[in-house]
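Chains as they are written, first to last, in the UniProt record's numbering: chain A, 1 to 231; chain B, 1 to 231; chain C, 1 to 231; chain D, 1 to 231; chain E, 1 to 231; chain F, 1 to 231. Ideal Cβ placement from N, Cα and C applies to all residues, glycine included.
6 protein chains.
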Amino acid sequence: MSERILVINPNSSLSCTAGIAAALAPLAASGGPRFEVVRLAEGPPAIATWRDWYQVAEPLCQMVEREAAAAYVIACVSDPGLEAVRMATPRPVLGMLRCAIAAALTRAERFGIIGFMETSRPRQRRALQAMGVETRLAGYEPLNLPMEVLTDPSAPRARLQAVARALVAQGAEAIVLGCTGLAGHARAAEDAAGVPVIEPCQAAGAMALLALRGRAAEDGGAAAARSFAAE
Amino acid sequence: MSERILVINPNSSLSCTAGIAAALAPLAASGGPRFEVVRLAEGPPAIATWRDWYQVAEPLCQMVEREAAAAYVIACVSDPGLEAVRMATPRPVLGMLRCAIAAALTRAERFGIIGFMETSRPRQRRALQAMGVETRLAGYEPLNLPMEVLTDPSAPRARLQAVARALVAQGAEAIVLGCTGLAGHARAAEDAAGVPVIEPCQAAGAMALLALRGRAAEDGGAAAARSFAAE
Amino acid sequence: MSERILVINPNSSLSCTAGIAAALAPLAASGGPRFEVVRLAEGPPAIATWRDWYQVAEPLCQMVEREAAAAYVIACVSDPGLEAVRMATPRPVLGMLRCAIAAALTRAERFGIIGFMETSRPRQRRALQAMGVETRLAGYEPLNLPMEVLTDPSAPRARLQAVARALVAQGAEAIVLGCTGLAGHARAAEDAAGVPVIEPCQAAGAMALLALRGRAAEDGGAAAARSFAAE
Amino acid sequence: MSERILVINPNSSLSCTAGIAAALAPLAASGGPRFEVVRLAEGPPAIATWRDWYQVAEPLCQMVEREAAAAYVIACVSDPGLEAVRMATPRPVLGMLRCAIAAALTRAERFGIIGFMETSRPRQRRALQAMGVETRLAGYEPLNLPMEVLTDPSAPRARLQAVARALVAQGAEAIVLGCTGLAGHARAAEDAAGVPVIEPCQAAGAMALLALRGRAAEDGGAAAARSFAAE
Amino acid sequence: MSERILVINPNSSLSCTAGIAAALAPLAASGGPRFEVVRLAEGPPAIATWRDWYQVAEPLCQMVEREAAAAYVIACVSDPGLEAVRMATPRPVLGMLRCAIAAALTRAERFGIIGFMETSRPRQRRALQAMGVETRLAGYEPLNLPMEVLTDPSAPRARLQAVARALVAQGAEAIVLGCTGLAGHARAAEDAAGVPVIEPCQAAGAMALLALRGRAAEDGGAAAARSFAAE
Amino acid sequence: MSERILVINPNSSLSCTAGIAAALAPLAASGGPRFEVVRLAEGPPAIATWRDWYQVAEPLCQMVEREAAAAYVIACVSDPGLEAVRMATPRPVLGMLRCAIAAALTRAERFGIIGFMETSRPRQRRALQAMGVETRLAGYEPLNLPMEVLTDPSAPRARLQAVARALVAQGAEAIVLGCTGLAGHARAAEDAAGVPVIEPCQAAGAMALLALRGRAAEDGGAAAARSFAAE
């Protein structure tokens with residue numbers, strides 16, 4: 001049976017969990033590692049405050065200790081508990097925000113972040129600081145939408161496109177979606193902004209595949225080892 | 001038929017091209033985009049100098065203009081011609097070094113690079129500068145091995161492990177393989193160093209999949225759009 | 001009755017709590033705010049891991065909500081839960097590491113940190129990143145001493161002096177004691193190193209006094225308001 | 001008799017000197033070190049130009065050589081002569097601007113400065129550069145008020161509140177008062193801006209107390225030395 | 001015969017080449033090195049794209065190999081091929097943009113750049129990154145003028161003065177002319193902006209003279225060697 | 001009569017003044033601006049301390065006010081009084097250290113400084129900070145030679161070559177001579193180190209010529225104004 005990448009949504013929302021799974025679906029491939037998306041049943045309805053952010057670290061660690069997997073993804077775009085979870089397992093652990101920022105840096109030199117709320121910003125700043133790329137943030141625009149609008153399949157699109165364009169006007173050459181649940185709008189945002197838009201679930205999924213494939217490559221890698229090396 | 005990711009080795013070496021293809025093989029999945037690895041027949045035997053680095057930009061552009069693909073990877077770990085090629089197509093274009101550095105930043109806050117030769121260093125510094133993460137480079141260690149050793153399936157392993165350990169001693173918490181053709185040694189290097197080792201072909205491959213999946217996700221993304229959004 | 005500065009040791013150790021109180025004693029003044037040092041009875045014996053670091057945030061918040069005070073100090077030299085506690089009260093909340101680093105920056109342009117263990121380093125790096133002064137860290141030297149040596153009134157002194165001198169050799173022009181309980185050795189370390197040594201309990205205490213005095217000054221501040229202002 | 005902290009106003013203004021003393025009064029405590037505020041009788045009426053800034057260094061050094069004290073504060077918010085005065089005595093010497101910036105960094109990650117005049121800015125930039133935190137300056141707003149307004153007990157308050165709010169709008173999460181004589185308005189500014197406001201005389205006073213208490217702690221510090229140490 | 005500084009315009013434009021020569025004329029002195037300005041006959045009409053930028057590197061190298069000179073200047077304000085040309089000769093090779101930025105840094109701490117087109121910006125950013133001074137760029141303003149206006153002796157002046165003033169309003173304390181051909185307007189821009197304006201041909205010319213004079217000084221430098229040395 | 005560039009040695013040493021003049025001689029050209037090198041008769045024998053550094057600012061200003069010139073150079077490699085002197089005249093004022101650092105940045109991305117004494121280092125750090133290039137300093141090596149050795153025409157050469165090589169080993173790709181009086185050894189140091197060596201008197205001289213020529217160019221600049229502009 002194929003390897004499992006355990007994607008843990010640190011909040012308790014079922015619809016949020018389903019949205020993450022939907023975003024990851026296109027990355028799964030038959031025969032390859034499979035993404036299993038779970039939630040912290042005891043988590044808060046959303047990671048909306050610093051207290052939430054700190055508090056989910058321990059349950060995340062405990063779930064990782066309970067649930068063996070080939071790799072783990074913390075499925076919240078402020079990377080809560082990342083350092084702690086990494087101590088709880090020798091397997092790769094990825095944070096969605098760091099992965100999305102990294103992906104943005106492969107496509108452009110300046111990027112903007114579309115946040116959930118203005119209050120998300122200081123938590124997301126921590127990831128920028130940890131990666132050393134705070135000065136590459138061209139702008140930050142919170143959606144500040146009520147949940148019923150945000151989760152509607154079409155309602156938030158116009159707002160998302162507007163803030164994407166606003167970030168480009170501020171110098172962003174790529175855009176990071178700073179919350180989950182917006183995968184269905186990523187293409188529309190990209191079309192509106194004219195720059196790459198990075199969806200964080202998919203960014204983390206791709207990095208988890210990379211972390212596993214890097215090792216899988218070894219098994220049949222004789223050809224690679226015989227190859228010419230340059231720069 | 002599935003989408004094609006065109007991976008262009010800017011040098012003319014057939015064995016190098018084969019090595020890149022071998023490194024990418026584990027990332028391919030049935031039904032997903034396929035990696036097609038080609039070489040610049042008119043390229044130099046290796047990108048070993050700044051002149052090589054500048055000179056391959058135009059042939060890369062011309063190949064991209066000739067060959068339609070869903071995404072492109074410049075398969076050399078100093079990202080030659082990247083900005084020019086991006087002007088030659090509206091499709092995503094990825095550089096292996098930027099992708100490998102980005103991947104390292106998702107796993108650690110400081111990384112080291114194992115280079116081909118000491119002379120590769122200033123070219124690779126350009127990518128660090130472009131990404132704004134020069135201060136995150138904990139160390140740089142060139143392999144400085146003769147080609148016949150480097151391309152041997154087992155000969156370079158001890159040297160690779162030694163420099164990986166040296167980088168960890170300098171503070172590296174992840175390691176970027178700074179040349180292609182070493183995929184077969186990545187696991188051994190990781191085991192020796194005790195930190196994640198990033199293989200650049202695979203890093204770029206994963207990022208190319210992400211760039212395409214981000215758009216593919218749209219098509220079946222109704223569930224995603226209906227999902228709860230948080231941070 | 002005078003204002004209370006509540007100094008909360010997030011670990012459960014009584015001797016650690018006593019050490020913090022002893023370090024703060026010289027800063028208290030009759031008529032001024034008083035330092036009250038308490039511990040988290042439910043805290044871990046020490047903040048020795050990332051899990052400890054994340055886990056104490058919520059009990060810290062709850063204690064702050066329960067215990068009214070004029071200002072709060074989180075009495076651990078990795079500033080656990082700082083952002084969360086700041087959301088739990090409108091009163092000033094100070095972290096010992098940020099205060100000690102700030103104090104070092106008033107005395108010198110490069111500083112070193114003497115840590116408890118090598119594993120403390122990544123947590124302490126977060127504070128440097130949050131303050132934007134990571135490049136001003138000239139060196140980091142962990143004590144790596146067994147607890148029975150560390151808490152002995154004289155045993156750790158020689159080691160402390162040696163690492164202080166080592167940091168100066170690495171370019172440190174001031175030294176931050178990166179764990180509590182070393183106040184009794186600060187002068188000896190300063191004499192050995194020949195540069196200012198910052199004790200974190202006292203640094204946070206001084207900053208808490210400042211946060212309160214800034215407001216107290218208002219009451220009798222007519223003279224100040226009448227004074228000449230320049231640069 | 002208690003230790004003396006000599007606070008030297010490098011300008012010759014008596015009212016400015018009185019304002020500094022008034023600002024420091026709330027920090028003094030019976031039995032603790034006492035603040036003695038003096039002026040450079042030969043100094044200029046204000047440190048208003050680079051020439052003033054350079055020129056007061058030597059008289060400051062000479063006063064320090066003449067007047068023994070436990071610690072010294074240069075009482076001007078552009079830290080003139082700081083490095084020179086530090087060579088003139090082995091005792092701690094503190095600059096008000098560095099102390100105020102450091103205090104701001106203990107309360108927030110971005111701060112603004114309210115300057116005396118636009119022309120003060122390049123001098124104050126030197127302190128930011130020396131501390132390595134230039135990128136943490138969210139904004140700079142000069143008061144640009146005539147002296148008779150500035151020294152009026154109530155006249156400058158509205159302007160001060162307005163610029164404090166303007167700095168918050170620019171991203172400041174704490175505010176440094178960049179000239180002396182405004183202590184009487186600090187609370188009003190804080191209330192208007194909703195973020196911590198740092199008064200520089202008091203910031204330097206607190207740091208001077210810390211510098212002395214760090215050593216005083218040694219004498220009765222047996223309990224501290226016996227305490228448990230963590231992180 | 002005097003030494004020759006070969007100034008190579010990488011584009012094929014005769015009028016552009018003449019403009020460079022005119023800008024350099026005031027730096028030449030009888031008996032000193034002479035500037036000889038040539039063009040790449042096979043170059044593009046202007047370096048207007050990344051492809052142009054990459055493509056001229058090899059012809060520049062070949063010309064340098066063919067044409068012996070005491071020093072070389074690449075006469076385009078995006079420094080194309082600089083690293084490659086430096087490998088093609090042991091003699092000093094200077095890029096106009098780096099020289100102009102360096103000159104600006106000798107006059108001020110923040111500078112602005114007046115670019116040819118908005119699309120010139122990412123290429124010019126590479127030089128800022130290579131020099132490590134990206135954060136010192138106060139603003140970037142493209143002229144975006146049609147060529148017939150740009151090359152008119154008086155037509156572009158008003159626009160140039162306007163953007164120079166705009167850069168000062170953004171914090172620029174010096175201005176770099178980011179394209180050749182504007183030497184005739186430098187004084188007018190300086191007068192309009194009230195800050196130093198750096199003309200890139202002249203900046204590179206001065207640096208080339210320095211590179212040669214440094215060695216010439218040796219010959220008659222006995223007095224220098226006997227002189228007193230301080231700081 | 002030609003324009004005068006007044007080069008002011010802020011120390012009182014006649015031999016030092018002569019050494020500066022000797023270093024500048026090769027830059028002078030018949031018909032061009034002339035360098036006139038003077039000393040501060042009331043200055044200290046050398047700028048060897050922070051007090052010296054501060055104290056010469058005012059006499060420098062006064063000399064500049066007394067002596068009309070087309071441009072001024074402060075002839076000491078720690079740029080004392082630079083900001084003050086710039087307020088004393090509308091004419092260009094250049095500091096030797098900033099000019100030498102700028103020149104180094106046109107030749108390489110990392111540089112080392114050869115200092116007079118270890119105690120010169122913090123003063124020279126100020127210029128690096130002001131220019132924003134502190135992280136580009138690969139190493140700092142003081143000569144620490146007695147004056148009679150330093151001023152001997154041949155005695156210091158071996159030491160200079162040794163420290164130049166040491167800086168290259170530390171990553172320097174160019175070297176700044178951090179004191180005057182070494183012009184006679186610049187070529188020998190360059191030959192020993194294999195990287196460009198920048199002599200500060202000449203660097204400042206070249207920048208002063210540039211500052212003047214930029215304006216001179218205007219007069220005969222019709223051709224320039226008619227020229228084609230590109231990037």
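Grab me the residues of residue i's own chain with a C-beta within less than 7 Å of its C-beta, minus the 5 sequence neighbours each way, in chain order.
i        : result
B/Glu190 : Pro196, Val197
C/Ala70  : Glu3, Arg4, Ile5, Pro33, Arg91, Leu212
D/Thr89  : Val64, Tyr72
B/Leu82  : Ile74, Val93, Gly95
E/Arg157 : His185, Ala188
I want to see whether chain D comes within less than 9 Å of residue i, judged by CB atoms only; does it?
i                      : result
C/Ile74                : no
residue 239 of chain C : Residue 239 of chain C is absent from the structure shown; chain C starts at 1 and stops at 231.
With residue i and residue j assumed to form a contact (beta carbons below 8 Å), what rounded beta-carbon distance in angstroms separates them?
i        : j        : result
D/Glu141 : C/Ala130 : Not really, about 24 Å apart at Cβ, beyond 8 Å.
E/Tyr54  : B/Tyr54  : 5 Å
F/Thr151 : D/Met87  : 25 Å between Cβ atoms; not a contact.
D/Gly132 : C/Thr135 : 6 Å
What does the Cβ neighbour count give for residue i, buried or exposed, with the cut at 16 atoms within 10 Å?
i                      : result
C/Ser30                : exposed
residue 232 of chain F : Nothing about residue 232 of chain F can be read from this structure; chain F reaches only from 1 to 231.
E/Val149               : exposed
C/Asn144               : exposed
C/Arg125               : buried
C/Ala169               : exposed
C/Pro80                : buried
For a cutoff of 9 Å on Cβ pairs, would you count residue i as touching chain B?
i        : result
E/Glu118 : no
A/Leu40  : no
A/Val168 : no
Between residue i and the rest of its own chain, which residues show a CB-CB distance below 6 Å, the 5 nearest in sequence each way excluded?
i        : result
F/Gly171 : Arg110, Ala138
B/Leu160 : His185, Ala189
E/Met207 : Leu94, Cys99
A/Ala183 : Ala23, Glu199
Any beta-carbon of chain A closer than 9 Å to the one on residue i?
i        : result
C/Glu83  : yes
B/Glu109 : yes
Keeping to the same chain, check which residues put their C-beta closer than 8 Å to that of residue i; ignore five residues upstream and five downstream.
i       : result
C/Ser13 : Arg39, Pro45, Ala46
B/Cys16 : Asn9, Arg39, Ala46, Thr180, Gly181
Which bits of chain H does residue i rub up against, with CB to CB less than 8 Å?
i       : result
F/Thr49 : Of the protein chains in this structure, namely A, B, C, D, E and F, none is chain H.
Counting only C-beta atoms, is residue i closer than 9 Å to chain C at any point?
i        : result
A/Gln124 : no
D/Ala211 : yes
D/Arg159 : no
Just checking: is the beta-carbon of residue i within a distance shorter than 9 Å of some beta-carbon in chain E?
i       : result
F/Glu58 : no
Using beta carbons (cut-off 9 Å, strictly below), is residue i in contact with chain F?
i      : result
D/Ile8 : no
Segment contact, 8 Å Cβ cut-off, at least three pairs: the stretch 171-180 of chain C with the stretch 85-104 of chain C: yes
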